[in-house]
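Notes for the one structure printed next.
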């Protein structure tokens, strides 16, 4: 199987690419930056916002194998940063358009990495896939994912493009501690708590569904096989753990793993941020046979252990 992954230098893309390689599949990455974690698979450096034909031209010139499936993970992903720089949200839509055009021309099925942000701030606590309300987008980032989903659905309707849409939720674990590029809450809290510094919790009662990266990748992997076999096509599916934790609990789990007491400063949630989300994963279970295995209290120590080993290895090699 020959798999194209956009956003291949990011956390999910890297973990997925390495898993596919370990299974003997061919992986081609597409990103606008080199992968700082691994060089195990080739990466085409392409800015998908520049020209929607760039992807097609680059792949025709560089890859001798036809692509079996495209996993589109490329996006600007930090919600609050996109509130401050909304142009990046439009770029997310442009990237998705470029990928869909490639898939349309080449007749290649696509898996689109969407987000729980499409549900908005779910005070009513309904997160079944059909319950997303596209009338009101909470942030420019959520609007970009809504638009990306809508384009995907339209390409299926008009051009017969087969797809799966996966709505991810707060994925964490290996290859997520590149804080210089994108600030993520678990690596950020871990860094500050380990140094005995105060953390800022934006929303004392904020409750989110944190997904360990191995569970996320396992779900995508199931989706690839189901999509290519024709068993499951043209579906939108939540991929998450299915239980919620507050940011206070996140900090407490990190403190326990580090054997340090976290110092917390509480502030209101920032504009555009969701304050409650717990995924309904029933569709993933029934359609894909998806069963996440890693609750947050087990995943955080694994993430911290990996980050520590990575820092030690990097220090030895420098």
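In my numbering, the protein residues as written are 129 to 446. In this text, a Cβ means the ideal position worked out from N, Cα and C, and glycines have one as well.
For the pair residue 140 and residue 389, the Cα-to-Cα distance works out to about 30 Å. Residue 342 has no beta-bridge partner at all, per DSSP. The Cβ-Cβ distance between residue 370 and residue 416 does not fall below 8 Å.
Inter-segment contact for the segment 310 to 324 and the segment 261 to 281 is absent: fewer than three beta-carbon pairs are separated by less than 8 Å. In the three-state reduction of the DSSP assignment, residue 353 falls in the helix class. Contact between residue 168 and residue 301 is absent: CB atoms are separated by about 18 Å, not below the 8 Å threshold. Three or more Cβ pairs closer than 8 Å define a contact, and the segment 281 to 291 falls short of that threshold against the segment 399 to 412. With contacts defined by Cβ atoms closer than 8 Å, residue 326 and residue 393 form a contacting pair. The alpha-carbon separation between residue 295 and residue 279 amounts to approximately 15 Å.
Considered as a whole, the segment 198 to 248 harbours 207 to 212, 215 to 234 as its complete alpha helix (DSSP H) runs of no fewer than 4 residues, in chain order.
A direct Cα-Cα distance of roughly 10 Å separates residue 227 from residue 132.
Excluding its 5 nearest sequence neighbours in each direction, residue 305 has C-beta neighbours in its own chain below 6 Å: 315, 435, listed in chain order. Residue 379 and residue 423 have their C-alpha atoms some 15 Å from each other. Here the alpha carbons of residue 318 and residue 338 stand approximately 15 Å from one another.
Sequence-distant partners of residue 350 (beyond 5 residues in either direction) whose C-beta falls short of 7 Å from its own C-beta, in its chain, are 416, 417, 418. If you look at residue 425, you'll find it in the alpha helix (DSSP H) that goes 424 to 445.
Nearest in C-alpha terms to residue 421, of all of 445, 276, 354, 344, is 344.
Only residues of its own chain outside the window of five on either side were considered, and among them 314, 317, 318, 321, 390, 428, 432 have a CB closer than 8 Å to the CB of residue 382, listed in chain order.
The alpha-carbon of residue 206 is positioned some 26 Å away from that of residue 385.
Excluding its 5 nearest sequence neighbours in each direction, residue 277 has C-beta neighbours in its own chain below 6 Å: 242, 293, listed in chain order. Exclusion of the five residues before and after residue 374 leaves 333, 334, 335 as the residues of its chain whose Cβ lies within less than 7 Å of its Cβ. Counting only residues of its own chain and dropping the five nearest sequence neighbours on each side, residue 271 has a CB closer than 8 Å to the CB of 217, 265. A distance below 6 Å between beta-carbons, with the five flanking residues on each side excluded, links residue 196 to the following residues of its chain, in chain order: 129, 130.
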